[in-house]
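Asker: If you count by our numbering, then the sequence shown holds residues 889 to 1101, one letter each, in order. Glycine is no exception: its CB is placed at the ideal position from the N, C-alpha and C atoms. I'd like to ask you about the structure that follows.
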Amino acid sequence: MYLVTQSSYNCIDLGIFQNHLLLKKVSIDKIDATKLLIVELDKLLSDLKIRLSNLDFIAANRGPAPFTTLRVLLTTINGIALSTKIPLVEVDGLETLLESNISDDYEFTLAILNAFGGDAYFGFKGPNETKFGCKKIDDLIAALKIITENKKVKVVGNGVETFKKELSDLNIFVPEDYPEYTSLEEIAEKAFHDRQKHKIVAKIMPLYLKEAV
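Right under this line is the structure:
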C-alpha cells in the first residue's frame, strides 16, 4: 500500500492505493489545509485500519500549484518521511498532465495552467519537441503560433478557461470533459512505476517553473 498526495488549485487530495487500486481518498479545502491535513490523514489511515508503518512509500505531486498550499503539503510529507523512514516518490504534475492527454489524433498537445499575474505554466508536445516552462501568456501564444502553423492543438488544463481569449488565436481543440488538473489516480500510476524503478528521493521540493524562466 502507498499514500498519494497532491495540492491542486482548490484542495489537497490524499489517497491510499493498493497497486493500481484506489482504496479510499479524502479532499481537504485549501483554506483548512494547515489545521486539518494531519487530522484527515490519521482518519484516512484509521478508516482502512492501517498505520503509517504499513505504507511502502509516499508519493506527492510536486506541482506546479498555488505555492502556499503546496508548501504546506510537502513540508508535512517530508516531515513524516524523515521521522518514519518511509521512501518518497516525487511526481511532476505538469508533465503527467501532458503525458496523460497526448493522442495520435493531434500533432500538438498543450497542457496549460494558471500561474497568475498573466503567466501560464505550460507543457507542450509536438512532433519534434517537448517543452515545459512558465511564460507570459501573450509570449507563449506568439511562440505557439509560429511552431504550430495554424494546425490543430489539443489543449487541457485550467488555463483553458483562464486564457480563453488568448487561446482563441490558435487553432485549438478542447475535449468536452477536459481535465483542469492532474488526477490523483494519474499521480498514483506514475509514482507506482517510478517506485518499481527505485526512483526515490530524500526530500520532495516544489517545482519552481517561474524561477526557471
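Please give me, in chain order, every unbroken run of the beta strand (DSSP E) with length at least 3 that falls completely inside the region 1039–1101.
Answerer: 1041–1044
Asker: At which residue ranges does the region 933–974 contain complete alpha helix (DSSP H) runs of 4 or more residues, listed in the order of the chain?
Answerer: 955–972
Asker: Ends of the beta strand (DSSP E) at Gly-1005?
Answerer: Looking at the DSSP string, Gly-1005 is not in any beta strand (DSSP E), and its letter there is neither H nor E.
Asker: Tell me whether Thr-1050 is buried or exposed, calling it buried when 16 or more other Cβ atoms sit within 10 Å of its Cβ.
Answerer: buried
Asker: Please go through the same chain and pick out, in chain order, the residues whose beta-carbon is closer than 6 Å to the beta-carbon of Phe-1012, but skip the five residues on each side of it.
Answerer: Non-local C-beta neighbours of Phe-1012 in its own chain, meaning closer than 6 Å and more than five positions away in sequence, comprise Leu-998, Lys-1019, ordered along the chain.
Asker: Does DSSP put Gly-1014 in a helix, a strand or coil?
Answerer: coil
Asker: Just to confirm before moving on: does the CB-CB distance between Thr-893 and Leu-961 stay below 7 Å?
Answerer: In contact: Thr-893 and Leu-961 (Cβ atoms closer than 7 Å).
Asker: According to DSSP, is Ile-990 helix, strand or coil?
Answerer: coil
Asker: Does the pairing of the region 906–917 with the region 939–955 give three or more beta-carbon distances under 8 Å?
Answerer: no
Asker: Out of Tyr-890, Ser-895, Ile-1088, which has the shortest C-alpha to C-alpha gap to Pro-1094?
Answerer: Ser-895
Asker: When you compare the CB positions of Thr-984 and Glu-1068, do they come within less than 7 Å of one another, or not?
Answerer: no
Asker: Using the rule of at least 16 other Cβ atoms within 10 Å of the residue's Cβ for burial, across every protein chain shown, is Ala-1076 buried or exposed?
Answerer: With 16 or more Cβ atoms within 10 Å of its Cβ, Ala-1076 is classed as buried.
Asker: In chain order, what residues of the same chain have a beta carbon less than 8 Å from the beta carbon of Asn-898, not counting five sequence neighbours either side?
Answerer: Asp-917, Lys-918
Asker: Express the C-alpha separation of Glu-1054 and Ile-1025 in angstroms, rounding to a whole number.
Answerer: 7 Å
Asker: Compute the Euclidean distance between the alpha carbons of Lys-923 and Thr-964, then round it to the nearest angstrom.
Answerer: The straight-line gap from Cα to Cα measures roughly 11 Å.
Asker: Excluding the 5 residues preceding and the 5 following Ala-1100 in the sequence, name in chain order all residues of the same chain whose CB lies nearer than 8 Å to its CB.
Answerer: The predicted position of Ala-1100 is uncertain, since its pLDDT is 40 and thus under 50; a value taken from the coordinates is nonetheless stated next. So the qualifying residues of the chain are Gly-1021, Cys-1022.
Asker: Here's a check: name, in chain order, each residue in its chain whose Cβ is nearer than 6 Å to the Cβ of Thr-1036, leaving out the five neighbours to either side.
Answerer: Phe-996
Asker: Do you know whose CA, among Pro-954, Val-977, Lys-1040, lies nearest Gly-1005's CA?
Answerer: Pro-954
Asker: From this set, Leu-932, Asn-1059, Val-1043, which residue's C-alpha is nearest Ser-988's C-alpha?
Answerer: Minimum Cα distance to Ser-988 is reached at Val-1043.
Asker: Taking the alpha carbon of Leu-929 as the point to measure from, which residue in Leu-891, Val-979, Gly-1045 has its own alpha carbon closest?
Answerer: Leu-891
Asker: Mapping the DSSP letters down to three states, classify Asp-980 as helix, strand or coil.
Answerer: coil
Asker: Considering just the uninterrupted stretch of the beta strand (DSSP E) at Asp-901, what are its terminal residues?
Answerer: Where Asp-901 is concerned, the enclosing beta strand (DSSP E) stretches over 899–906.
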